[in-house]
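Residue numbers for the sequence shown follow this note's numbering, beginning at 1303 and rising by one. Ideal Cβ placement from N, Cα and C applies to all residues, glycine included.
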Amino acid sequence: MEGNENTESAAKGGMWDLQQKFDQPMDEEASRLKNMHTEKRCSAMLLVQLAFQSLGVVYGDLGTSPLYVFYNTFPKGIDDTEDVVGALSLIIYSLTLVPLIKYVFIVCRANDNGQGGTFALYSLLCRHAKVKTIPNQHRTDEKLTTYSLTPINENSVAAMTKRWLEAHALKKNALLVLVLVGTCMVIGDGILTPAISVLSAASGIKVAHPVMRNDVIVVVAVCILVGLFCLQHYGPDKVGWFFAPIVLLWFLLIGGIGIFNILKHDTMVLRAFSPIYIFWYFRRRGEDAWTSLGGIMLSITGTEALFADLAHFPHSAIQLAFTTVVFPCLLLAYCGQAAYLMKNKEHVYDTFYHSIPEGIYWPMFVIATLAAIVASQASISATFSIIDQACALDCFPRVKVVHTSRKFLGQIYVPDINWTLMILCILVTTRFQNQSQIGNAYGTAVVVVMLVTTLLMILIMLLVWRCHWILVLIFTILSLVVECTYFSAVLCKIDQGAWVPLAIAVVFLVIMHVWHYGTVKRYELEMQSKISLAWILNLGPSLGLVRVPGIGLVYSELVSGVPRIFSHFITNLPAIHSVVVLVCIKSLPVYTVPEEERFLVKRLGPKNYHMFRCVARYGYKDHKKDDEFEKKLLDSVFLFAKLESLMDASSDSDEYSLYGQETISSTKDTFSSVVDITVSSWSESSVSSEVGADEMAFLKSCRDAGVVHIMGNTIVEARRDSGIYKKICINYLYAFLRKICREQSIILNVPRESLLNVGQIVYV
């Protein structure tokens, strides 16, 4: 076994040997760190506390659905009270099948080290199959403690699925488009959730004062929305401390009011727990029953937020909160409203507020408004997170991302997106001015996201979980039957508001597709035009130029080869720095890269060339704007040079070998023991010691002389013989997005006085 490992190491060559050798003794410790989120065990008291906190973050959107479900189900009124029982039966089984069984007990398990959402599923697939459209994967990435990759049997269904996905670029692109569609619908959710939740809550004023005009309700809703979006820059950690008590109080109140209405009006509505009433509902109403599914589907809105916000809480806390508080209280609330409608079917427009006992009406109105704000906050925060993830995976133009909390990695604020959401949300609220049309739009966005999640989960079950195909088939049939049925119902209401999320999705999909298309084309051109290391070696140690004191950091997207920008630079300028570091900022399909594993360094050419490559690796949740980025990068280069000198000194020792020869030390040695071995060996080789000391002194003197960041200011244009599609995408849309997006230097916090832009025009 050991011989095989040595053979494999030798086959890899010297590219990453040093990093691999020093990481090897940590493999056992690293294996304990993998999946640390899923392995974490909570005490009973801590689990209850986390379940309580999850109410304010995860369930606000799902919990406010009783405000508007029955009105959107019966927008033209109720003809037969038996229809109420049938609709209630549909609501009960929708809540049971989708949020409870599908999401809480199945989908939430498909997390990326505790991270949920569409991009988390996509990241899992990218790690288990080569489906990324930008092929910058490297074998060293798989050594990360957060990578969580298990080997696949070549004859298994997982291997067949992997080969099927990797077979054609069309399948990779189709998978990416599927993820982008789901992302665009989540953005639409961030627009429509505040609109319908706040407008529905504000409509309680009109119930108490029927003479009040609807315009006043809209103005009140708009004022609340403006205040909500203006508070976003404080972050959830600043304004969210009271969310959980509000939502818990909300659930207890709607559950209690539900019990009150059942006992007071009609206990017979509980017969809706029999699914036979669903059959009778469709048989009696026919096509009207089918179109009413768009309103019933609103009872499960917010379910995607349950999965997207999974990062903040353990899966067990999510399950506990849903099964003990959310699910029973929602069932009681809907049963209570149905019981009230059995005797007051004319009050279907505002069933929720009409069914509230008079003595607690205004306190309940206040709690409902606050709960609507909480629900809106959750959807807005989810939109920020998914935009940030899209930027990290080169699927959205670079925007300003502000991390509002030092404790929680995922709590961010995106100013540009915040104001865009506010404007669109206000336009939707003022344009439609009623719950029905906004509800149609909302339902469309939600069901499309659910369909995307289902399709991704099929691949996850086959490729990652390695489930038996029969289990996958059962999950697929049950999920698609329910969701396709709802989808067909909302599509019937395209002209009644359902077109809104589709229009929003088209706009954002064009932006994301054009940006990713341009990024891929630019990367492909860099790969084709990169300079070989042999060309650099032929120039000699001086690179054919004057080497001036200092360190030059040359940025590119390449993890191998010399970027074109470097050759362009040394061709047009007569000097280059004494030390050159080719820096690659690389995004990986993992939620985070530990700080100690972020920088990967190797040497280019002989030592007297003083050239290095440094790959800075980030996950889709990592904060790239680091005030100490330059210091950390240079420290990693210096550490590499120091360790390399130690390894060279110990190359003749029986204790350790750089090139993967057989060693005496056990594979269970700790990192400190390896350092001790190399230090003791180093002390025996004074010549190598002096060489290493000289280079360290040289590197430090160059750092003291100054550090310059060299970045490409590249203008991308389509070739003259390109088709009209490429010309429009590259010359107009992509060029426009490049002008308005944030510069890479700002994101990396590069000092302006140390920045050198190298201009060039490339044709793709």
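First and last residue of the beta strand (DSSP E) that includes residue i?
i	result
residue 1889	1877-1889
residue 1770	From DSSP, residue 1770 is part of no beta strand (DSSP E); its letter is neither H nor E.
residue 1904	1901-1906
residue 2011	2009-2019
residue 2062	2057-2065
residue 1913	1913-1920
Should residue i be labelled buried (16 or more other beta-carbon atoms within 10 Å of its own) or exposed?
i	result
residue 1481	buried
residue 1524	buried
residue 1554	exposed
residue 1661	exposed
residue 1517	exposed
residue 1958	Caution is warranted here: a pLDDT of 32 is assigned to residue 1958, below 50, making its placement in the model unreliable, and no coordinate value can be reported.
residue 1733	exposed
residue 1347	exposed
residue 1817	buried
residue 1609	buried
residue 2005	buried
residue 1457	exposed
residue 1552	buried
residue 1405	buried
residue 1808	exposed
residue 1830	exposed
residue 1673	buried
residue 2052	buried
residue 2066	buried
residue 1864	buried
residue 1996	exposed
residue 2050	buried
residue 1840	exposed
residue 1528	exposed
residue 2015	exposed
residue 1573	exposed
residue 2002	exposed
residue 2027	exposed
residue 1873	exposed
residue 1563	buried
residue 1725	exposed
Could you give the residue range of the alpha helix (DSSP H) that holds residue i?
i	result
residue 1547	1545-1566
residue 1607	1605-1610
residue 1851	That residue, residue 1851, is in no alpha helix (DSSP H); its beta strand (DSSP E) goes 1848-1858.
residue 1818	1801-1831
residue 1579	1578-1587
residue 1424	1420-1430
residue 1733	1717-1734
residue 1663	1663-1694
residue 1483	1471-1504
residue 1395	1384-1397
residue 1411	Element bounds for residue 1411: n/a, residue is neither H nor E.
residue 1840	1835-1840
residue 2040	2037-2042
Please check the pair residue i and residue j, which I expect to be a contact at CB under 8 Å, by giving their CB distance rounded to whole angstroms.
i	j	result
residue 1413	residue 1612	6 Å
residue 1459	residue 1771	6 Å
residue 1408	residue 1777	7 Å
residue 1352	residue 1607	Going by Cβ atoms, the distance from residue 1352 to residue 1607 rounds to 17 Å, so no, they are not a contact pair.
residue 1417	residue 1893	4 Å
residue 1827	residue 2064	6 Å
residue 1376	residue 1650	5 Å
Is there a Cβ from chain C that is less than 8 Å from the Cβ of residue i?
i	result
residue 1410	Annotation note: the requested chain C is absent from the structure, which comprises a single protein chain.
(message) I'd like to know if the stretch 1638-1652 and the stretch 1562-1576 are in contact, where contact means that at least 3 CB-CB pairs between them fall below 8 Å.
(response) Proximity of the stretch 1638-1652 to the stretch 1562-1576 meets the contact definition, three or more beta-carbon pairs being nearer than 8 Å.
(message) Just to confirm the assignment: which complete alpha helix (DSSP H) runs, minimum length 4, are found wholly within the stretch 1613-1642?
(response) 1617-1623
(request) Could you tell me whether the stretch 1503-1519 touches the stretch 1665-1672, using the rule of 3 or more Cβ pairs below 8 Å? (result) yes
(message) Does the structure place the stretch 1482-1490 close enough to the stretch 1678-1688 that three or more beta carbon pairs sit under 8 Å?
(response) yes
(message) Contact between the stretch 1616-1633 and the stretch 1369-1384 is defined here as three or more beta-carbon pairs at a separation below 8 Å; is this criterion met?
(response) no
(message) Pairs of beta-carbons, one from the stretch 1869-1884 and one from the stretch 1846-1855, closer than 8 Å: are there three or more?
(response) yes
(message) For the stretch 1366-1378 against the stretch 1389-1403, do three or more pairs of beta-carbon atoms, one drawn from each stretch, fall closer than 8 Å, so that the two count as touching?
(response) yes
(request) May I ask you to verify whether the stretch 2031-2043 touches the stretch 1909-1923, counting CB pairs closer than 8 Å and requiring at least 3? (result) no
(message) Does the contact criterion of 3 or more C-beta pairs under 8 Å hold for the stretch 2013-2028 versus the stretch 1935-1943?
(response) no
(request) Please confirm if the stretch 1619-1627 is in contact with the stretch 1351-1371, defined as three or more CB-CB distances below 8 Å between the two stretches. (result) yes
(message) At 4 residues or longer, what runs of the alpha helix (DSSP H) sit wholly inside the stretch 1356-1381?
(response) Listed in chain order, they are 1362-1365 and 1371-1375.
(request) Could you tell me whether the stretch 1429-1440 touches the stretch 1466-1477, using the rule of 3 or more Cβ pairs below 8 Å? (result) A contact exists between the stretch 1429-1440 and the stretch 1466-1477.
(message) Three or more C-beta pairs under 8 Å: does that hold for the stretch 1581-1596 against the stretch 1776-1796?
(response) yes
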